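Heads up: the structure comes next, in structure tokens.
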Amino acid sequence: MNLRLGVDVGGTFTDLCALGESGRVRVTKVVTTYPDPAEGILQGVHTLCDTGDRVVCTILGTTAGLNAVLERRGAKTALITNAGFGDIYRMGRGDRPEMYNLHYHRPKPLVPRDWIFELPGRVGADADIIEPLDIERAALIAREIDSGGFESVAVCLLHSYCNPAHELELAALLRRYAPGCSLSLSHQVAREWREYERTSTTVVDAYVRPILERHLAELASGLKAAGHSPEILVMRSSGGLMPASKRTLEPVTVLLSGPVGGAIATRALIRELGLDDALAIDMGGTSFDVTLLTGGELPIGSETEVEGFPLLVSGVPVHTIGAGGGGVVWLEGRGLRVGPRSAGSVPGPICFRRGGTELTATDANACLGLIRSGTFVDGDLPLDIEAAGAAFTLTAAALEMDPARLQEGVIEIVNARMVGAIRALTIEQGLDARTYSLVAYGGNGPLHAAALAEELGIVRVVIPASPGAFSAWGMLFSEVRKDLSLTSLQSSSDIRPDDLEGLLQQLDEQATRFLVEAELDPGEAAYQWRAAMRYQGQEHTVEVPLPAPPASTRYLEEVLALFHELHQRSYGHSHPRQVVEFVTLRLSVLGPASTPEVAPAQAQAERAHPKECRVRWQGREVAVPIFHRDHLATGGIVGPCIVEERTATTFVPDNWTLEVDTDSRSLILQRGGA
Amino acid sequence: MSRSTEHGILSDPVSLEIMWSRLINITEECWITINRTAFSLIIGEVQDFACELLDATGESLAHSPRSMPVFNLALPRAVKALLEAFPPETLQEGDVLITNDPWLCAGHLFDVALVTPVFREGRLVSLVGSVAHCSDIGGTRDSRAVREIYEEGLQIPPMKYYRAGEPNSDLIALIHRNVRKGDMVIGDLQAQYSANAVGASGLLRFMDEYGLDDLSGLATVIQGRSELAMREAIAAVPDGHYSHRVRFDGVGNPLSLAVDIEVSGDELIVDWDAPPQLEKGAINSTLNYTAAHTVYALKCLLTPEIPSNAGCFRPIQVRAPEGSILNCTYPAGVNIRTISGWYCAPALFGALAEAMPDRVQAFTGLPISASAYGRDADSAMYNDHLFQGGGQGAGAPSDGVSALLFPTSAANTPIELFEIRTPLLVETKALIPNSGGAGRNRGGLGQRIEFRKLYDDGLPVQVTVVAYNLTEAMSGLAGGQAGRLSMLSIKEGDTITEGWDLGTLIELRRPEQFATFDLPGGSGYGDPTERPVERVQVDYDEGYLTEEGLAAYDCEVDGGGKIRRRSANRSD
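Each protein sequence line maps, in turn, to chains D and Z.
So for the first sequence, the working numbering puts the first residue at 46; every next one is plus one.
So for the second sequence, the working numbering puts the first residue at 127; every next one is plus one.
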């Protein structure tokens, strides 16, 4: 059978989700392998496939690039700048994000100062060549980079957004004299002004490019060797997909792709369920990610950042805090703290018996009876609850409190931090969380979801099928996306309709080239046009969605009217008689969306008689029925109860009821049995 | 009514946190509105502005997390003065108040406060304010020559910028005519006006949502919480007097400031001793400006993590002798008051260095602002700021950051944008090796900015430079050394003109003239000979230190590029 495969490579686990032509969904989870994550993925593929199965397309979301940045394990990268400007990258914008913090520090640079090369030659603000590129010096630098063992080069020259000639000349020399090096040119990575932000983006791109290229090449050849198609699409931070060929790879755009799969899956799920507004929460072992979907849409921001490094690439804003099941319990003075540091999967929580010696939230859940040895990961990971209990007893003695109260306290603290993160995010946008549904996934999301909802005043919780592999599942719902831009300052006082159309035509041609390279039919692609515009003299721009050009002979006029209207709506004032400037024109091309057909759930048996276990909940020991998810047919079950499955455990508190949505195979929890 | 609200708020700590963050978020929305719709580089890129919410009495409730610290600390005084000039019962919906009085607001005419009263059911419940450094305010570009404020540009006493929703077109026309690039200045004021409107409607939505008739209960609670945190932090400092004196460049002659901090229980009095105000040179600071810098530095030391509002500053008193450069009297020249006011923080840090060794920071090399003004070949006028930072002072925890802006929270001007706006070409923006003051923890490095005219068109470019640390070095803390001084020069062929004075006005006429600004390094913290050799090695390898900079660390380099300590060598 032909399979489409979604893969989510996380820091500790790799989740895989395969969808066959029959609509049958299969999932599995393997430990992420280092240094080559392809090894783990191929293992997972092997587990998922029966004889005769063939993977025809692999869609990959990966934190490999992000982790390389966070752990400073990226490629040995050189940076080439204009002579006299090598320190731009280290100086940044000179600001302090926290105004009262005297001891603010910048993130550690990805390129040390002695790996920065300066090259004479200069382009001016009006695109003129003020000083020609020093070709001899450029060749020398290229050779030095070649012999210096560099794997990657970032090039960022001043004003290359309006005239990339010098960057292109230099690129030709680098390809000739340092052919083994990956190359990231600032005008290709982020064609926008502001030299520090563009440099930062380009450096990150260069820093992760060889790693991603290697990772993808190994995966492709492994897939091929196992008889599968080597075709790979990579998830971008913006939620679109990118063909993984060397020509089309844009590493910096995939940096934050890990959590995006879950957000996309949430979008598909809430549309299916007819819900508008949802908070997607992904709680794994190390982190807690929240994404806000309002009106059934994914928000996409035009700039992102990683660890304080600005990135001029669009992305779905995912708010992450260190609060996962592996969050470590520690004492500060006589106060109890949990996380943000995580015990990860190795050494892991004490109850995993992998050498962990620090108590975690997962240990607390195990002691409270909410997760059980024998059924946790279908019994593949036995839990040593006694060891965890003993450790709680010791810590509780130090705090002079009851161990059971301490266990509950740990969960309360973790929940409070997650609630805080959700509140901060919704409040920041002036939204009321109570009107949202909570879609909870990741290994730990379903266990904590109802408690978070209680605290937030949310009345509906949705637990998708295979919550532990939901992000991998989401990969199957995305489409190929390419963002193109062109910075060209044009004034409404002298631009002619033809000029604007000519510029948009250039973008259109680039889009066609991309689609051909990606082997997609331009007829099936969707085009989204935007223009960054401002009033003459203004510093920043407003991003105006444009109708497809040229809609009419009055296209230019229409566009200007749209700008005034949007400026009025966004900032409360507009000046229809003032001169308007076009700064950057943008085009996003979207390939055909995939809408996989999924077979409805079939309960393996009619609501088998549940088992029972004792859990501690809100200070009391209570007997709670336990269901296996595969045995739940329709629901209509009144809490408290626990639903177990391979990738997660769901807890339904006593004033909640549980329904099963057969089409989407998700669990719907309603407060107060509504 | 407010009593019961206050009680209700206190009884639900979660709601309090949410409400408090909501107020901060409203100010952040105001901030974004100004930032995104501003016309000048100094506001749009350098971010020289702040937004604030105040209670009906003009006391601060919350300010934007990114703020010019001094602005949000100075604004409450301006708001109270505006309320005195226009008592609440005379205000109407749609009124917007304005002033740039340096004694009431942020110390010089460039900083304009725009304040929008917010009404609910006809009653004043709050004021939304912003202070922004406009790109020009008229007057001379040569502050060294200034004797009185009349030469510094347009003074706007407390006035109405809007009356009942209608722009005060007389005032707007007057401002437009009196400043360089009037469209830009009015455009920025309009951005402030819009931001205040955004804040006012956000605040009313917030009050609807929480069913608040006024903000007094909430104000009492959150100001009380911040006050308590500040009192606890002060109480942790041992009682007693802490004093320190700093010397700095004046106009012509060096000047000095002395501070005496009296800590008594949970209160603190800062007493400044400063020379008489200068009759010429515009470096005088108004008391409001001095107080803002004083409480800003103290807040950084004492409660950096607590959101700021009026409560934070109730336990702190600031005094300075009337008629001194830290409490000058009208009509003194004040335009470049940063030249005195920016030394408040280092003096306070020096005074508290022993009492709070882990918190203080050695002297940070002060930023240089250069504004370029003229007309291009098409007669279009330009007037934009190139603002860059020096090296941050080191502290007990770590080295200073290089090229950082302090005591502001501004950002530097991107070179590409400066070049788009002005006919100047920047030739260099680079760190200066060995410029960080030596210490167990090293001061951050200063930077060199070099630029010239791009076109040989004979048109003059006027550059006004405000610089510091040209002659007076500021030693580090706990045995750390001073960072490198500032230097300004113009080079043409073999001729180098150096040693400009503070607040210099220079004129560039030919592309062959290269203007160079060396920004100062930060001072070090702790004895440099205690800096581990490995860290000296890293600095050497990365070019932060060259061979000549090693002596300060009692280090030398061998033929293989390896650093070793000299004294250790000798003892072998």
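Note that CB positions come from ideal geometry on N, CA and C, so glycine has one too.
Small disclaimer: the values here were computed from a predicted structure and weren't measured.
{"Query": "Ordered along the chain, which non-local residues of its own chain (more than five positions away) have a Cβ less than 7 Å from that of D583 of chain Z?", "Result": "A503"}
{"Query": "In angstroms with no decimal places, state the Cα-to-Cα distance between R306 of chain Z and D322 of chain D.", "Result": "49 Å"}
{"Query": "Is it true that the CB of I546 of chain Z sits closer than 8 Å to the CB of L203 of chain D?", "Result": "no"}
{"Query": "How is the beta strand (DSSP E) around N47 of chain D delimited, first residue to last?", "Result": "47-54"}
{"Query": "Which residues bound the beta strand (DSSP E) around N146 of chain D?", "Result": "Counting along the chain, N146 of chain D falls outside any beta strand (DSSP E), and DSSP gives it neither H nor E."}
{"Query": "Please determine, among D:L591, D:G680, D:D95, D:L565, the residue with the shortest C-alpha to C-alpha distance to L286 of chain D.", "Result": "D:L565"}
{"Query": "List, in chain order, every chain D residue whose beta-carbon is nearer than 8 Å to that of V324 of chain Z.", "Result": "Y616, G617"}
{"Query": "Is there a Cβ of chain D sitting closer than 8 Å to that of F165 of chain Z, yes or no?", "Result": "yes"}
{"Query": "Hey, could you find the ends of the alpha helix (DSSP H) Y720 of chain D is sitting in?", "Result": "Nothing about residue 720 of chain D can be reported from this structure: the residues present for chain D run from 46 to 719 only."}
{"Query": "Taking Cβ positions only, does D309 of chain Z come closer than 8 Å to chain D?", "Result": "yes"}
{"Query": "Tell me whether L637 of chain D is buried or exposed, calling it buried when 16 or more other Cβ atoms sit within 10 Å of its Cβ.", "Result": "According to the sequence provided, residue 637 of chain D is Pro. The question's Leu does not apply to it. P637 of chain D is exposed by the Cβ-count criterion."}
{"Query": "Would a check of beta-carbon distances place R462 of chain D closer than 8 Å to chain Z?", "Result": "no"}
{"Query": "Can you list the residues of chain D that D583 of chain Z reaches, using a CB-CB cut of under 9 Å?", "Result": "Chain D residues near D583 of chain Z: none, gap ~14 Å exceeds 9 Å."}
{"Query": "Here's the rule: buried if 16 or more other CB atoms are within 10 angstroms of the residue's CB, otherwise exposed. What is R129 of chain Z?", "Result": "Annotation note: pLDDT 41 at R129 of chain Z (below 50); position unreliable, coordinate value reported separately. Exposed, since its Cβ has fewer than 16 Cβ neighbours within 10 Å."}
{"Query": "Taking the C-alpha atoms as reference points, what is the distance between V70 of chain D and L324 of chain D?", "Result": "24 Å"}
{"Query": "Which residues in chain D have a C-beta closer than 8 Å to the C-beta of P430 of chain Z? List them in chain order.", "Result": "E143, Y145, N146, L147"}
{"Query": "With DSSP collapsed to three states, give me the class of G476 of chain Z.", "Result": "helix"}
{"Query": "Could you tell me the alpha carbon to alpha carbon distance between A299 of chain Z and G308 of chain Z, rounded to whole angstroms?", "Result": "9 Å"}
{"Query": "At the level of alpha carbons, what is the spacing between Q581 of chain D and A606 of chain D?", "Result": "15 Å"}
{"Query": "Which of helix, strand or coil does DSSP assign to W468 of chain Z?", "Result": "coil"}
{"Query": "Taking Cβ positions only, does A174 of chain Z come closer than 8 Å to chain D?", "Result": "According to the sequence as given, residue 174 of chain Z is Asp; it is not Ala. Judged by the 8 Å Cβ criterion, D174 of chain Z is not in contact with chain D."}
{"Query": "Would you tell me roughly how many angstroms separate the C-alpha atoms of Y581 of chain Z and G568 of chain D, rounded to the nearest one?", "Result": "49 Å"}
{"Query": "Output the boundary residues of the alpha helix (DSSP H) element that contains C62 of chain D.", "Result": "No alpha helix (DSSP H) holds C62 of chain D; the beta strand (DSSP E) holding it covers 58-65."}
{"Query": "Please report the residue range of the alpha helix (DSSP H) in which R351 of chain Z lies.", "Result": "342-361"}
{"Query": "Looking at S320 of chain Z and H618 of chain D, is the spacing between their C-beta atoms short of 8 Å?", "Result": "yes"}
{"Query": "Going along the segment 223-243 of chain D in order, which residues come within less than 7 Å of chain Z, judged by CB to CB distance?", "Result": "W238, R239, E240, Y241"}
{"Query": "Using a C-beta to C-beta distance shorter than 8 Å, which residues of chain D count as neighbours of I312 of chain Z?", "Result": "By Cβ distance, chain D contributes nothing, its closest Cβ being about 11 Å from I312 of chain Z, past 8 Å."}
{"Query": "Does DSSP put I467 of chain D in a helix, in a strand, or in coil?", "Result": "helix"}
{"Query": "Mind listing the chain D neighbours of K425 of chain Z? Cutoff is C-beta to C-beta under 8 Å, in chain order.", "Result": "Y145"}
{"Query": "I'd like to confirm the pairing. Which residues does DSSP put opposite W375 of chain D in its beta bridges?", "Result": "D:R382"}
{"Query": "Under 7 Å, CB to CB, which of the residues in the segment 331-358 of chain D have a partner in chain Z?", "Result": "none"}
{"Query": "In terms of residues, what are the limits of the alpha helix (DSSP H) holding S327 of chain Z?", "Result": "308-336"}
{"Query": "Alpha carbon to alpha carbon, how far is D429 of chain D from A494 of chain D?", "Result": "25 Å"}
{"Query": "Could you spell out where the alpha helix (DSSP H) holding W518 of chain D opens and where it closes?", "Result": "515-519"}
{"Query": "Take the Cβ of P457 of chain Z as the centre, count every other Cβ of all protein chains shown within 10 Å, and call the residue buried at 16 or more, exposed below.", "Result": "exposed"}
{"Query": "Quick check: what's the CA-CA separation for V114 of chain D versus P82 of chain D?", "Result": "16 Å"}
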